[in-house]
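A.B. asks:
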Amino acid sequence: MTRSRKKALYVVFDTNAIFTKSGDDIVNSTASSLIADHSNHGDLQIFWILPYIVRAEREYQMRQSYMQHVETSRRVAKFLSETWDISPERVSSAISQSIDRQLLRLNIKVVKPNIENIDWGSVIDAAVFRLPPFEHGPREKGFRDAVVCETFLQIASSLTGRDTALLITDDRLATQAVKQRLTNARVLTDLNALREEIMLRVSHIDAETAAEIEKKASLLFLQNDNINTLWYKKDIPNLIFGNPAISDRVRQVPVGATWELVNHYITPARLVRKEANRVYFQTDYVVNGKSRVWIPNEIPTQPELSSYQQQPAGLYGLGTAFPADALGISPAGQAMSRSMPLAGLLGLGTGAYYDTNLPTAVIEIRWSATYNRRKSLTHAEVDSCHVQQADGVSTELTPKTTSSVGPYL
Numbered sequence: 000m001t002r003s004r005k006k007a008l009y010v011v012f013d014t015n016a017i018f019t020k021s022g023d024d025i026v027n028s029t030a031s032s033l034i035a036d037h038s039n040h041g042d043l044q045i046f047w048i049l050p051y052i053v054r055a056e057r058e059y060q061m062r063q064s065y066m067q068h069v070e071t072s073r074r075v076a077k078f079l080s081e082t083w084d085i086s087p088e089r090v091s092s093a094i095s096q097s098i099d100r101q102l103l104r105l106n107i108k109v110v111k112p113n114i115e116n117i118d119w120g121s122v123i124d125a126a127v128f129r130l131p132p133f134e135h136g137p138r139e140k141g142f143r144d145a146v147v148c149e150t151f152l153q154i155a156s157s158l159t160g161r162d163t164a165l166l167i168t169d170d171r172l173a174t175q176a177v178k179q180r181l182t183n184a185r186v187l188t189d190l191n192a193l194r195e196e197i198m199l200r201v202s203h204i205d206a207e208t209a210a211e212i213e214k215k216a217s218l219l220f221l222q223n224d225n226i227n228t229l230w231y232k233k234d235i236p237n238l239i240f241g242n243p244a245i246s247d248r249v250r251q252v253p254v255g256a257t258w259e260l261v262n263h264y265i266t267p268a269r270l271v272r273k274e275a276n277r278v279y280f281q282t283d284y285v286v287n288g289k290s291r292v293w294i295p296n297e298i299p300t301q302p303e304l305s306s307y308q309q310q311p312a313g314l315y316g317l318g319t320a321f322p323a324d325a326l327g328i329s330p331a332g333q334a335m336s337r338s339m340p341l342a343g344l345l346g347l348g349t350g351a352y353y354d355t356n357l358p359t360a361v362i363e364i365r366w367s368a369t370y371n372r373r374k375s376l377t378h379a380e381v382d383s384c385h386v387q388q389a390d391g392v393s394t395e396l397t398p399k400t401t402s403s404v405g406p407y408l
């Protein structure tokens, strides 16, 4: 009797998943430990993959970390009247050889995309019109991300049977670009999510089953105006914003500024693990805010009243009136000239609002439900919330009962 082939899991790393400030290591210590811990599973074969452009980018970064010391070393050698064979070329060669040894030790394979299979016309259009994975802005930015996406999509499209490919990246535009091309693509944001995904595979939950459960979980977590979903039943907005330890972190702004919401959204539920008939999920509530501060003009000027949408408030126009578009959103650091408050007919106290985008706050909501024999999810509960911001500072809380402050979506 022939044994069935192992299920294969192809893990493709983006640069942001493995980056480290160390000039000696191509992948960070967390990635190295994860690979060591999960390279030998009985019925799951894992292939660790770096797109060629990711390897090249990391090599460039490692070179840069050393090049700043080359000239200093030469000066020291000259001062000591010694001859040190130190040159940019030798350093670059040593770094490249070190990377090759590390990749061999970790069993990481470097994969180049098939250039002939890339639709370069679509890539060019995406770059010109700033479509994902290219960023909006005056300069084109996103070519390396586009090549990473093409590499992953070629790997994923070549798989058959129960084999699965995962892309590990925290780049939203890259994620969006991949899912537009391959709707069932699995993209994870960090190494912790990858570790949990691997444990799911080891517990015999394949990608199709996980996707089915996650789809049901997303509907159970939140449907607009459906009070029977977890978001409303457990009053999750109040759990988050009714707790100062959480809300103060999310809404933290410089002294003298006010916090305003730019946008917020809920990510699809991600299956974390399964224990008996209990399944555990993570759903992220992502909040983007801005700080707003009023900067008065140094030299009072006569305002043109026709440029405002409201008349001055108070006797003879003394006081403050805010135009109707005062809550508009501007790019970071850009003055909102049409949002000036009028401060009298003499033009006293004129100025402008300045908006600055704040680091994105991600509230990681951990929750669980019972997965019954009818393949339905019941008895859902919120287990904890973990707040993560770009500065790496986090706050964790467990559910508690407080008064409602209303839904935030």
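Counting from 1, position 86 in the sequence shown corresponds to residue 85 in numbering that gives the first Met the number 0; the numbering is continuous, with no gaps. Quick reminder that beta carbons are idealized off the backbone N, C-alpha and C, glycines included.
Consult DSSP for N356 and reduce its assignment to one of helix, strand or coil.
C.D. replies: By one-based count along the sequence shown, residue 356 stands at place 357. The answer is strand: DSSP assigns N356 an E or B state.
A.B. asks: Measuring only the C-alpha atoms, how far is L49 from V186?
C.D. replies: For the purposes of this step, residue 49 is taken as residue 50 along the sequence shown, with counting starting at 1. For the purposes of this step, residue 186 is taken as residue 187 along the sequence shown, with counting starting at 1. Cα to Cα, the separation comes out at about 15 Å.
A.B. asks: For D162, which of V177, V254, I197 has the nearest alpha-carbon?
C.D. replies: Translated into positions along the sequence shown, residue 162 becomes position 163. The option with the nearest alpha carbon to D162 is I197.
A.B. asks: Can you confirm whether the region 278-292 touches the region 250-257 when touching is taken to mean that 3 or more C-beta pairs between the two stretches lie within less than 8 Å?
C.D. replies: Touching, yes, given that three or more Cβ pairs across the two stretches are closer than 8 Å.
A.B. asks: Excluding five sequence neighbours on each side, which residues of the same chain lie with their C-beta closer than 6 Å to the C-beta of A35?
C.D. replies: Here residue 35 corresponds to residue number 36 of the sequence shown, with the count starting at 1. Excluding residues within five positions, none has a Cβ falling inside 6 Å.
A.B. asks: If you scan the region 136-215 from start to end, which runs of the beta strand (DSSP E) of 3 or more residues do you find wholly inside it?
C.D. replies: For the region 136-215, whole beta strand (DSSP E) runs of length 3 or above, ordered along the chain, are 163-167, 185-187.
A.B. asks: I need the boundaries of the beta strand (DSSP E) containing K273, first residue and last residue.
C.D. replies: To locate residue 273, count along the sequence shown from 1; it is residue 274. 269-274 is the extent of the beta strand (DSSP E) around K273.
A.B. asks: Quick check: the Cα distance between A30 and A16, rounded to an integer number of angstroms?
C.D. replies: Reading the sequence shown from its first residue, position 31 is the one you call residue 30. Reading the sequence shown from its first residue, position 17 is the one you call residue 16. Using only the alpha carbons, I get a separation of about 8 Å.
A.B. asks: Can you tell me which residues form a DSSP beta bridge with N15?
C.D. replies: Taking the sequence shown and counting its residues from 1, one reaches residue 15 at position 16. None, per the DSSP bridge assignment.
A.B. asks: Just checking my contact of L152 with L181 at CB under 8 Å: how many whole Å lie between their CB atoms?
C.D. replies: Here the question's residue 152 lines up with position 153 in the sequence shown. Here the question's residue 181 lines up with position 182 in the sequence shown. About 6 Å; that satisfies the 8 Å criterion.
A.B. asks: On the DSSP bridge assignment, give the partners of K289 in chain order.
C.D. replies: For this step, residue 289 is matched to residue 290 along the sequence shown. Note: K289 sits in a beta bridge opposite E259, N356.
A.B. asks: Determine the direct distance from the alpha carbon of P131 to that of I123, and round the result to whole angstroms.
C.D. replies: Position 124 of the sequence shown holds residue 123. Position 132 of the sequence shown holds residue 131. Roughly 12 Å separates the two Cα atoms.
A.B. asks: Based on the DSSP output, what are the partners of D283 in its beta bridges?
C.D. replies: What you label residue 283 is simply residue 284 of the sequence shown in a count that begins at 1. E363, per the DSSP bridge assignment.
A.B. asks: For K20, which of D247, Y59, H203, D84 has the nearest alpha-carbon?
C.D. replies: The sequence position of residue 20 within the sequence shown is 21, counting from 1. Nearest of D247, Y59, H203, D84 to K20, Cα basis: Y59.
A.B. asks: If you follow the beta strand (DSSP E) that L49 is part of, which residue opens it and which one closes it?
C.D. replies: Numbered from its first residue, the sequence shown carries residue 49 at position 50. 43-50 is the extent of the beta strand (DSSP E) around L49.
A.B. asks: Taking the beta carbon of E149 as the centre, do at least 16 other beta carbons fall within 10 Å, making it buried, or is it exposed?
C.D. replies: For the purposes of this step, residue 149 is taken as residue 150 along the sequence shown, with counting starting at 1. Looking at its Cβ environment, which holds 16 or more other Cβ atoms inside 10 Å, E149 is buried.
A.B. asks: What three-state label does DSSP hand Q251 in the structure shown?
C.D. replies: If you number the sequence shown from 1, residue 251 lands on position 252. Reduced to three states, the DSSP call for Q251 is coil.
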